[in-house]
């Protein structure tokens, strides 16, 4: 039985209705500008169209696959830097993301549990990079918000003899750790509440449920490890004043 989703008028209509509904809810509910949903949807369609056109060539060449993974990593670092607040954060968001991505990919590829072939490397790398990017952005924003809101406590800690970095860590580390909650919840409830993308994708690709389950477990636990490492490095960078927002008191703790 063919379970693949096929392109056609019905799919276009459904995607259009979902996009307009999401934009209307965001706008009417005062959750933000509705056009942000429209722009995100249009970008998703355009970007996936481009990727679909080039991915065949990429997957035929190991060097092109490596360059494609590096491109994904670069875009993730830029996106996270902008989400945190300023492009000057780019070297540090790249470091935080790499701290989570590099060891996880090295382990799963080096151990041979993920075949060292382009068709396997690209999706695994994309999932891990995306998770580390989100964790870095959330952890940095939470940590900086906490330092701003509790700047008086930070100053009090300095007055008590704390050095700037340990004082900042005492304040921002617990809140930044909350960035791991989505990954924890997804891992705890997989199969009971959700069937994540890797599982569904492997099933749609024609593999059996057992193979799909093994793939999803590897992805979820790899994401947990990558995000935990990225969050740890992000908190340290915030406390050291490397990740900051422009002209935000308490965000730079030197």
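Numbering (this note's numbering), first residue to last: 557 to 810.
Backbone N, C-alpha and C fix where the C-beta goes; we use that ideal spot for every residue, glycine too.
Check	Outcome
Let me know the secondary structure DSSP gives residue 746 once reduced to three states.	strand
Along the chain, where does the alpha helix (DSSP H) that runs through residue 624 open and close?	618–640
Count the other CB atoms, across all protein chains shown, that sit within 10 Å of the CB of residue 593; report buried if there are 16 or more and exposed otherwise.	buried
Suppose contacts are defined by Cβ-Cβ distances below 9 Å. Is residue 632 in contact with residue 685 by that definition?	yes
Closest by CA to residue 652, which one among 800, 601 and 788?	788
Just checking my contact of residue 713 with residue 699 at CB under 8 Å: how many whole Å lie between their CB atoms?	No, residue 713 and residue 699 are not in contact; Cβ-Cβ is about 15 Å, not under 8 Å.
Does the pairing of the segment 616–636 with the segment 685–695 give three or more beta-carbon distances under 8 Å?	yes
Measuring CA to CA, which of 604, 569, 581 and 696 is closest to residue 642?	696
Let me know the secondary structure DSSP gives residue 797 once reduced to three states.	coil
Alpha carbon to alpha carbon, what distance is there between residue 725 and residue 792?	7 Å
Tell me the DSSP secondary structure of residue 692 in three-state form.	helix
Whose C-beta lies closer than 8 Å to the C-beta of residue 810 among residues of the same chain, with five residues either side of it excluded?	With a pLDDT of 40 at residue 810, under the threshold of 50, the modelled position of that residue is not reliable, and the figure given next carries that caveat. 720, 796 and 797, listed in sequence order.
Could you give the DSSP three-state label for residue 669: helix, strand or coil?	coil
Mind checking whether residue 629 and residue 650 have CB atoms under 9 Å apart?	yes
Mind the definition here: the segment 700–708 touches the segment 669–681 only if three or more C-beta pairs lie below 8 Å; say whether that holds.	no
First and last residue of the alpha helix (DSSP H) that includes residue 730?	720–732
Rounded to a whole number of angstroms, what is the C-alpha to C-alpha distance between residue 595 and residue 589?	10 Å
Can you tell me which of 784, 614, 625 and 674 puts its alpha carbon nearest to the alpha carbon of residue 735?	784
Am I right that residue 776 and residue 746 are in contact with their C-beta atoms under 8 Å? What's the rounded C-beta distance?	6 Å
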